[in-house]
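Peer 1: Here it is, the structure, as structure tokens.
Protein chains: 2
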Amino acid sequence: MIGIVGGVGPYAGLDLMRKVFDNTLSEGDQDHVDALLFSLPSRIVDRTEFLEGREEQNPAEAIHEVLSRLEEAGATVAGIPCNTAHAAPIFELIQEKLDSAGSRIRLLHMIRETVGFIQTALPDLRRIGILSTTGTYRSRIYQDALESAAYKVILPSEEMQEQMIHPAIYDGDYGIKSQSNPVHPQALAFLETGFSYLEQMGAEAVILGCTEISMAFQVPAGRGVIGIDPTLVLARALIYNAFPDKLKPL
Amino acid sequence: MIGIVGGVGPYAGLDLMRKVFDNTLSEGDQDHVDALLFSLPSRIVDRTEFLEGREEQNPAEAIHEVLSRLEEAGATVAGIPCNTAHAAPIFELIQEKLDSAGSRIRLLHMIRETVGFIQTALPDLRRIGILSTTGTYRSRIYQDALESAAYKVILPSEEMQEQMIHPAIYDGDYGIKSQSNPVHPQALAFLETGFSYLEQMGAEAVILGCTEISMAFQVPAGRGVIGIDPTLVLARALIYNAFPDKLKPL
Chain A
0 MIGIVGGVGP YAGLDLMRKV FDNTLSEGDQ DHVDALLFSL PSRIVDRTEF
50 LEGREEQNPA EAIHEVLSRL EEAGATVAGI PCNTAHAAPI FELIQEKLDS
100 AGSRIRLLHM IRETVGFIQT ALPDLRRIGI LSTTGTYRSR IYQDALESAA
150 YKVILPSEEM QEQMIHPAIY DGDYGIKSQS NPVHPQALAF LETGFSYLEQ
200 MGAEAVILGC TEISMAFQVP AGRGVIGIDP TLVLARALIY NAFPDKLKPL
Chain B
0 MIGIVGGVGP YAGLDLMRKV FDNTLSEGDQ DHVDALLFSL PSRIVDRTEF
50 LEGREEQNPA EAIHEVLSRL EEAGATVAGI PCNTAHAAPI FELIQEKLDS
100 AGSRIRLLHM IRETVGFIQT ALPDLRRIGI LSTTGTYRSR IYQDALESAA
150 YKVILPSEEM QEQMIHPAIY DGDYGIKSQS NPVHPQALAF LETGFSYLEQ
200 MGAEAVILGC TEISMAFQVP AGRGVIGIDP TLVLARALIY NAFPDKLKPL
């Protein structure tokens, strides 16, 4: 059974589960895969706040708790639809806690799955851009994974990251986490500028490396650059691990 | 904590959870309500097939199992996003099984909540139309609840129900359960005809009384008739029961 750690953020959990259903071969309700979504946002502190030192508690504690409860409820493979939660200080502690508790749940790694997807599905690409939270940006999770697979990584400048990309997600007035239906035009404008910047710096593909970005931002048609959605990659990896014969061809 | 019985069908579970989040007062991830969605479609047989005598197993058994697991995982109030599952032969058995197991979970009744919503939020209405599966149609769940509240109920003819409304949901080629993204034009055309028929027969509001219908069919703007979405009513009732101070005003 597929388990999803929800609440990071709540809509990202729904988005991952929808992408699991959308990528399942089925002809009616009963063919669909079994999946559990535990959305416990009140207990999981913000990931970037922790990585930046403004929050003491490591969100790994609460994420590990949710994973234990998913496992108790029958999940055998699980995913966390939050890129930032895969930064080493968080993800390694989650994995350690699972290991020391003797957990048998298989926790997929969204970032490694995404790099693996680029290698196998888009083998000609070499220059990859990244749009993400500042937590993901500074912890270098995508950079390190891509560079060790010999990709050239292209990022927004520090200034653009802090003044445009992170606020597009987190700003209390116009950020996607505060206002997502519809997304505020200011958030979209900042993401569009970031995307164009990466494109002009030579990116052949851009990883929409925050679940809020991949939900809110559509890569405009007719652009040469490919948008890569890690939530979609994770959804397909979850199906492949739990029900390999039910994975819909791309 | 809010529990959702998913898998009846899978997308209806997502739709209910999204409507819970959309109707929650929140300024960021951590303000959102805690909720669990167990989507176990493989074990829950079709509700109309059972009510029509073509399936022997009562889906109440599996739905009760899911509710027990939701309760074990911490849910205190729960909803089933499937109108047909509220037909007496199914719902009463679920409730009996919960009672005899000493369950303390509070299971809301989507149909009673919907009739209660019409009474309190739309007190001037008297003539209510219903679009639903044939299981819901024949088991008279909405008719009985509305008539005992002194409403005049308006339904599609038997022929229209069997040849247009039920197939719009279930047909293997064009039904919403087989093809929902996008919905097939044939399904939409049948639902539009059903809606117009109820309108012309004098309905002041139409209950979109199957989760597939309320997901796929938008009441066209500028129509005098009001579309009522029981999934939305259930979402708001779940929040009201679990976190009354977090319910967003309508």
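From first to last, the protein sequence lines stand for chains A and B.
Going by the working numbering, the first sequence runs without a break in its numbering and finishes at 249.
Going by the working numbering, the second sequence runs without a break in its numbering and finishes at 249.
Using N, Cα and C, we set each Cβ at its ideal position, and we do this for glycine too.
Relative to the alpha-carbon of residue 79 of chain B, which residue among B:26, B:43, B:137 has its alpha-carbon at the smallest distance?
Peer 2: When only C-alpha atoms are compared, the closest one is B:43.
Peer 1: Specify the secondary structure class of residue 242 of chain A as computed by DSSP and reduced to three states.
Peer 2: Reduced to three states, the DSSP call for residue 242 of chain A is coil.
Peer 1: Counting only Cβ pairs nearer than 7 Å, list the residues of chain B close to residue 68 of chain A.
Peer 2: Going along chain B in sequence order, the residues near residue 68 of chain A (Cβ under 7 Å) are 72.
Peer 1: Please compile the residues from chain B whose C-beta is within a distance smaller than 7 Å of the C-beta of residue 10 of chain A.
Peer 2: Neighbours of residue 10 of chain A on chain B, chain order: 20.
Peer 1: Since I believe residue 153 of chain A is in contact with residue 117 of chain A (beta carbons under 8 Å), could you give me their beta-carbon distance rounded to a whole number of angstroms?
Peer 2: Contact doesn't hold; Cβ gap of about 14 Å is too wide.
Peer 1: Report the option in B:67, B:155, B:142 whose CA atom is closest to the CA atom of residue 99 of chain B.
Peer 2: It is B:67 whose Cα lies nearest to the Cα of residue 99 of chain B.
Peer 1: Could one say the Cβ of residue 159 of chain B lies closer than 8 Å to chain A's Cβ atoms, at least one of them?
Peer 2: Answer no: the Cβ-Cβ gap between residue 159 of chain B and chain A never drops below 8 Å.
Peer 1: Measuring straight from C-alpha to C-alpha, what distance separates residue 133 of chain B and residue 224 of chain B?
Peer 2: Distance between the alpha carbons of residue 133 of chain B and residue 224 of chain B: 23 Å.
Peer 1: Is it the case that the region 185 to 194 of chain A contacts the region 162 to 171 of chain A, given that we only count it when at least three CB pairs across the two stretches are under 8 Å?
Peer 2: Segments in contact, yes.
Peer 1: Measuring only the C-alpha atoms, how far is residue 59 of chain B from residue 175 of chain A?
Peer 2: Each residue's alpha carbon lies about 40 Å from the other.
Peer 1: Are residue 41 of chain B and residue 142 of chain A close, meaning C-beta to C-beta below 8 Å?
Peer 2: Not a contact, by the Cβ cut-off of 8 Å.
Peer 1: Using the Cα positions of residue 22 of chain A and residue 146 of chain B, report the straight-line distance between them to the nearest angstrom.
Peer 2: Approximately 43 Å between the Cα atoms of the pair.
Peer 1: Comparing the C-beta of residue 214 of chain B with each C-beta of chain A, is any distance below 8 Å?
Peer 2: No, residue 214 of chain B does not count as interfacial toward chain A.
Peer 1: Would you mind working out which of A:233, A:169, A:155, A:136 sits nearest residue 201 of chain A, comparing C-alpha positions?
Peer 2: It is A:155 whose Cα lies nearest to the Cα of residue 201 of chain A.
Peer 1: Are the beta-carbon atoms belonging to residue 14 of chain B and residue 230 of chain B less than 8 Å from one another?
Peer 2: For residue 14 of chain B and residue 230 of chain B, yes; Cβs fall inside 8 Å.
Peer 1: Among A:171, A:213, A:236, A:139, which one has its Cα closest to the Cα of residue 76 of chain A?
Peer 2: Of the listed residues, the one whose Cα sits closest to residue 76 of chain A is A:236.
Peer 1: Give the range of the beta strand (DSSP E) segment to which residue 120 of chain B is assigned.
Peer 2: Run containing residue 120 of chain B: none in the beta strand (DSSP E); it sits in the alpha helix (DSSP H), 109 to 120.
Peer 1: Specify the secondary structure class of residue 139 of chain B as computed by DSSP and reduced to three states.
Peer 2: Correct three-state label for residue 139 of chain B: coil.
Peer 1: Going by DSSP in three states, residue 86 of chain B sits in which element: helix, strand or coil?
Peer 2: In this structure, residue 86 of chain B counts as coil in the three-state DSSP scheme.
Peer 1: Please state if the CB of residue 212 of chain A and the CB of residue 168 of chain A are separated by a distance shorter than 8 Å.
Peer 2: Taking 8 Å as the Cβ cut-off, residue 168 of chain A and residue 212 of chain A qualify as a contacting pair.
Peer 1: Once you ignore the five residues that flank residue 299 of chain A on each side, which residues in its own chain have a CB closer than 8 Å to its CB?
Peer 2: Chain A is shown from 0 up to 249; residue 299 of chain A falls before or after that span and cannot be answered.
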